[in-house]
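Presented below is the structure to which this report refers.
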Amino acid sequence: SNDLVVKVIDASVANRNEILVRLQVRHSVSRYDDRVVPIVPLAGAVVNRVQNCFVVASPHIEGRFLDVTNRPDAERMGRALARLHQSLRLVHIELPPVQALTTGPLVEGLQNNHQLLHGDFAPSNLLLDAEGRLWIYDFDDCGYGPIEFELGNTLFTALFDTSPSVNQPSDEYGQFRHWFLGAYK
15 SNDLVVKVID ASVANRNEIL VRLQVRHSVS RYDDRVVPIV PLAGAVVNRV QNCFVVASPH
75 IEGRFLDVTN RPDAERMGRA LARLHQSLRL VHIELPPVQA LTTGPLVEGL QNNHQLLHGD
135 FAPSNLLLDA EGRLWIYDFD DCGYGPIEFE LGNTLFTALF DTSPSVNQPS DEYGQFRHWF
195 LGAYK
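Each number in the working numbering corresponds to the 1-based position in the sequence shown with 14 added.
What follows is the structure, encoded as C-alpha cells:
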C-alpha cells in the first residue's frame with residue numbers, strides 16, 4: 015500500500031534540532047529492528063517544514079493497539095521492549111536524558127547507568143497488524159536513562175489504564191505486570 019500517515023508537530027513548541035535527532039534515532043533503529051515503523055521521506059526530506067509546523071510521514075499500518083489485559087499482548091510487549099533495548103544499544107546519537115528524567119533526583123547517576131530508551135513505550139505506541147507483526151512508533155520522547163525507568167514507565171501506563179487509581183492496583187494490572195516482566199526477562 016502507498017498510504018501514508020502524516021504527523022504534524024507545532025514548530026512553536028518543538029525544538030527542531032531535538033526533533034531531527036529523535037527522528038534520526040527512529041531511522042537508525044529501524045535499520046536494526048524491523049518492527050520499528052520507518053520514516054518515509056517527502057520531497058527528499060525526513061522532516062519537512064510547512065508554515066509553522068514540522069511534518070513527518072510513515073507508512074500506514076492497519077492494525078490494533080495492544081490490550082494490557084490480554085496475556086499474549088502483554089507478553090508481546092515484554093519481548094518487544096527487550097528486543098528494542100538490544101537494538102537501541104547499537105545506536106550512538108547525542109541526546110539528552112528522557113524528558114521525564116530532566117528534573118529531580120533521578121537525573122543524578124544517569125552518567126553511569128544509562129542507555130538509549132524509547133521514552134514512551136506503551137500500548138498506544140504499538141500496533142499489531144493482521145499478520146501478527148508488532149510495530150513500534152513514536153520516538154518523540156526517546157533519550158538516555160536507566161532501563162528501569164522505561165520498565166517502570168510502561169508499568170505505570172498499564173496501572174493507569176487498568177486501575178481505578180494508582181493507589182488501588184487492579185487484578186488486571188497485577189496480571190499484566192507478571193506477564194510483561196516475565197516476557198521481558
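Beta carbons: idealized from backbone N, C-alpha and C, even for Gly.
Helix, strand or coil, according to DSSP, for residue i in the structure here?
i, result
"Y187", "helix"
"N62", "strand"
"N86", "Reading off the sequence, residue 86 comes out as Pro, not Asn. Reduced to three states, the DSSP call for P86 is helix."
"F79", "coil"
"L114", "Note on identity: in this sequence residue 114 is Ala, with Leu being the wrong assignment. If DSSP states are grouped into helix, strand and coil, A114 belongs with the helices."
"L203", "Absent from the structure is residue 203, since the part of the chain shown begins at 15 and ends at 199."
"V39", "helix"
"V51", "coil"
"L104", "coil"
"L109", "coil"
Nearest to residue i by CA position, among the options, is which residue?
i, options, result
"L18", "I75, W149, F79 and D48", "I75"
"V112", "G196, P137 and V35", "V35"
"G203", "E32, A25, G58 and A94", "Residue 203 cannot be examined here, being either before or after the span of the chain that is shown, 15 to 199."
"R45", "G58, A71 and L98", "L98"
"F79", "C156, L141 and D154", "L141"
"G58", "E164, V51 and A71", "A71"
"R103", "R85, L130, V82 and P137", "L130"
"D81", "T176, H192 and A197", "T176"
"I107", "T171, Q38, V27 and I150", "Q38"
"N62", "I161, P178 and R30", "R30"
"P200", "C67, V60, I161 and V180", "With the chain represented from 15 up to 199, any question about residue 200 goes unanswered, as that position is not in the structure."
"F135", "Q189, K21, R85 and D155", "D155"
"D47", "C67, V105 and G166", "V105"
"V69", "V27, A114 and K21", "K21"
"Y151", "E32, P52 and I23", "P52"
Between residue i and the ligand MG, is the CB less than 7 Å from at least one heavy atom?
i, result
"Y151", "In terms of ligand content, the structure shown is empty, and the ligand MG therefore cannot be addressed."
So, is residue i buried or exposed, given that buried needs 16 or more other C-beta atoms within 10 angstroms?
i, result
"G133", "buried"
"D185", "exposed"
"N16", "exposed"
"S101", "buried"
"A88", "buried"
"G159", "buried"
"F174", "exposed"
"N139", "buried"
"Q125", "Bear in mind that a pLDDT of 49 at Q125, under 50, signals an unreliable position, so the model cannot answer this."
In the DSSP output, which residue or residues are listed as bridge partners for residue i?
i, result
"F68", "I23 and R63"
Report the residue ranges of all beta strand (DSSP E) runs contained in full by the stretch 123 to 181; include only those spanning at least 3 residues, in chain order.
List check, beta strand (DSSP E) in window: 129 to 131, 140 to 143, 148 to 150 and 157 to 159.
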